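Enquirer:
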Amino acid sequence: MGGIFLKTPDFSDGFPIDAEQLHYLVKNNFVEFPDMDSMDIAERNSVDTLSRLITLWQALWFFVQEMDRISQGLPITALELTALSFTFAMVATFICWYPKPCIQYPRYIETKVRDGHQYTIGEIRNYARAHTHPRLPTSWHRTPMDDITPRVFRIDAYWCFYKRLGDWMHLHPYGRPITTELWDRFPSDLWRPMELLYYPLGGVFIVGFSASFMIGWNFHFPTSTEQLIWRIAAPYHMFFSLYGALHWLYEDQKWHRTQERMHAAGDVHGADPEAQLLARRQEDLERKDSRPSKRIVDRLRSLIQKQVNNSVGRDPSMAVPLLVIIPNILISALYALCRLYFYVEDFVSLREQPKGIYMTGNRFFPFIGDNW
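For the sequence shown, numbering that gives the first Met the number 0 gives the first residue as 0, with consecutive numbering after it.
Put into structure tokens, the structure is as follows:
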């Protein structure tokens, strides 16, 4: 995806900026507000609208037809149930990504020129350190503007850690990895806090997705062993999905409370408090580790409390505790096995199905029955 790139004399190739960073630059008179009409963003977005709506209609119609079959007591296959579960994620993705314009190449803006001199990133960061961000570090990560509008969300730190593990194994299911210290784009899988207004809508989708495989509890399976494994995997799928949602909810609420405390203290642009606390704990552990004698319990405690950081450039705000990472890796591996079983069973179970799967409900008006 493209976006808006900022070009300065010291970054002639430019780098991506988000809306909050653009607002900061405009507010402090470092750039002019860009002419959005000349960028043709709205027109490019409308080109893709029809295909999105067609895809959404297909998913919703499939969902309605499957619910009609279930209401009439007609069986559905495990393959259909798996496809049905994806409609929840598909509709949620459609809602979240609908405003996303179809832009393949970046739109460039440049900093202002004042008295024959064009502002540089170094000058912008010096200004921020003197007026708005007194604790702004001299070094930066991701982009030079990223820590001017801090948005560290712990879920994003955990996600980036797991994704980097996949990069090391040459597994990139979520797109091309960013291997340079200066980002050339914003990844499409960044995690952000959610406004409280969207909690109910998000709850509907996550509950529907989590419980979807429980519908197959009494499905016909070729063998009792396959049914037993399904009855074990389906509840675990629901547990893992709801656990992930509750973990995200906890971190989201903590992020909002932290922002409220920072605003109340007048520290709007301060660094991430949790990241600072984790860094201090890590320093304390390193000092303790230098002692010549330690008991086994102390060593284990130190190991559990240690922070790990595999981010590009070792960004301190992306350090994550082993106490969270290790359990999550274990339960995630078990979840992956459950998902793998679902996909395999979707096709294996087709070898023996009840004849009811070949019966169709009302093709034109679902839920009306045989009256039409």
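Where a beta carbon is used, it is the ideal one built from N, C-alpha and C, also for glycine. Model, not experiment: these values are computed from the prediction.
Could you pull the DSSP bridge partners for P15 from this structure?
Expert: DSSP output for P15 lists F4 as bridge partner(s).
Enquirer: Q226: which of F85, R260, A156, S348 sits nearest, CA to CA?
Expert: If we check each option's Cα against that of Q226, S348 comes out closest.
Enquirer: Could you give the first and the last residue of the continuous beta strand (DSSP E) run that contains Y107?
Expert: Where Y107 is concerned, the enclosing beta strand (DSSP E) stretches over 106-109.
Enquirer: Between the region 248-256 and the region 152-163, do three or more beta carbon pairs fall short of 8 Å?
Expert: Segments in contact, yes.
Enquirer: Taking the CB atoms as reference points, tell me whether F10 and I120 lie closer together than 8 Å.
Expert: Taking 8 Å as the Cβ cut-off, F10 and I120 qualify as a contacting pair.
Enquirer: Could you say which of Y334, T257, E31, E351 lies nearest to Q117 if we only look at CA atoms?
Expert: When only C-alpha atoms are compared, the closest one is E31.
Enquirer: N125: buried (16+ other C-beta within 10 angstroms of its C-beta) or exposed?
Expert: Exposed, since its Cβ has fewer than 16 Cβ neighbours within 10 Å.
Enquirer: In the structure shown, what three-state DSSP assignment does S292 receive?
Expert: Below a pLDDT of 50, predicted positions are generally treated as unreliable, and S292, at 47, falls in that range; the measurement from the model is reported next regardless. The answer is coil: DSSP assigns S292 none of H, G, I, E or B.
Enquirer: Evaluate contact between the region 90-100 and the region 211-218, counting only Cβ atoms and requiring at least three cross-stretch pairs below 8 Å.
Expert: Short answer: they don't touch.
Enquirer: Considering only their Cβ atoms, is the gap separating L181 from T142 smaller than 8 Å?
Expert: Cβ atoms of T142 and L181: closer than 8 Å.
Enquirer: Rounded to whole angstroms, what is the Cα-Cα separation between P315 and Q20?
Expert: Roughly 21 Å separates the two Cα atoms.
Enquirer: Using the rule of at least 16 other Cβ atoms within 10 Å of the residue's Cβ for burial, across every protein chain shown, is C67 buried or exposed?
Expert: Note on identity: in this sequence residue 67 is Asp, with Cys being the wrong assignment. So D67 counts as buried.
Enquirer: How many Å lie between H130 and I123 at the Cα?
Expert: Computed Cα separation, rounded: 11 Å.
Enquirer: Who are the Cβ neighbours of Q352 in its own chain at under 8 Å, not counting the five residues just before and after it?
Expert: Excluding residues within five positions, the ones whose Cβ falls inside 8 Å are P74, T76, H219.
Enquirer: Spatial neighbours of S331 within its chain, please: C-beta separation below 6 Å, excluding the five flanking residues on both sides.
Expert: So the list is empty, once near-sequence residues are dropped.
Enquirer: By DSSP's criteria, P320 is part of a beta bridge. Which residues make up the other side?
Expert: Answer is Q306, bridged to P320.
Enquirer: May I have the straight-line CA-CA distance separating I16 from I53, to the nearest angstrom?
Expert: Their backbone Cα atoms lie some 32 Å apart in a straight line.
Enquirer: Measuring only the C-alpha atoms, how far is I205 from R230?
Expert: Rounded to the nearest angstrom, the two C-alpha atoms are 20 Å apart.
Enquirer: Rounded C-beta distance between L374 and G215? I'm assuming under 8 Å.
Expert: This structure gives no information on residue 374, because the portion of the chain shown stretches from 0 to 371.
Enquirer: Less than 8 Å separating the beta-carbons of G165 and F87?
Expert: Against a cut-off of 8 Å, the Cβ pair of F87 and G165 comes out as no contact.
Enquirer: Please state whether the Cβ-Cβ distance between L321 and V307 is less than 8 Å.
Expert: Against a cut-off of 8 Å, the Cβ pair of V307 and L321 comes out as a contact.
Enquirer: Consult DSSP for F10 and reduce its assignment to one of helix, strand or coil.
Expert: F10 falls in the strand class under three-state DSSP.
Enquirer: Quick check: the Cα distance between R191 and F85, rounded to an integer number of angstroms?
Expert: The straight-line gap from Cα to Cα measures roughly 22 Å.
Enquirer: Use the C-beta contact count for D146: other C-beta atoms within 10 angstroms, 16 or more gives buried, fewer gives exposed.
Expert: Buried: at least 16 other Cβ atoms inside 10 Å.
Enquirer: Measure the Cβ-Cβ separation of G202 and P186 and say whether it is below 8 Å.
Expert: No. Outside cutoff.
Enquirer: What would DSSP say about H116, mapped onto helix, strand or coil?
Expert: Correct three-state label for H116: strand.
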